[in-house]
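S.K.: Numbers given in the numbering used here equal positions in the sequence shown, counted from 1, plus 60.
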Amino acid sequence: MSDYPLRTAEQLTLLLQAFRKESGLTQSEVALRLGVTQQTYSTLERNAETVGVGRLLKLLGILGVELVLSKPASVAGSPTGQTQPDAGDKPAW
Numbered sequence: 061m062s063d064y065p066l067r068t069a070e071q072l073t074l075l076l077q078a079f080r081k082e083s084g085l086t087q088s089e090v091a092l093r094l095g096v097t098q099q100t101y102s103t104l105e106r107n108a109e110t111v112g113v114g115r116l117l118k119l120l121g122i123l124g125v126e127l128v129l130s131k132p133a134s135v136a137g138s139p140t141g142q143t144q145p146d147a148g149d150k151p152a153w
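Here it is as structure tokens:
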């Protein structure tokens, strides 16, 4: 399994295109599975910053990609002594 660090919307655009092509899918095929037109999907792929989380997760599932959130090692340790939340905990924001 490979990791693809993502820090900007522009990176997401490039990754979505690459994952789609790696999967051997056309924009039309992905659009059909996502329930949108090819034109809508093309816009989504070019403007990834506008994609809602629900739609992004569905798209990643279509492309066979899993979303994993992690903290880089440089920020993983908490200088305030706070513990990291468990998967079932709700963030305090």
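Ideal Cβ placement from N, Cα and C applies to all residues, glycine included.
#1: Starting from Val-90, trace the alpha helix (DSSP H) in both directions and tell me its first and last residue.
#2: Using the beta-carbon count (16 or more within 10 Å), is Val-90 buried or exposed?
#3: Among the residues of its own chain, which have a CB less than 6 Å from the CB of Val-125, if the five just before and after it don't count?
#4: Do you know how far the Cα of Leu-119 is from the Cα of Thr-110?
#5: With DSSP run on the structure shown, which of helix, strand or coil describes Tyr-101?
M.R.: Put simply:
#1: 87 to 94
#2: buried
#3: Phe-79
#4: 13 Å
#5: helix
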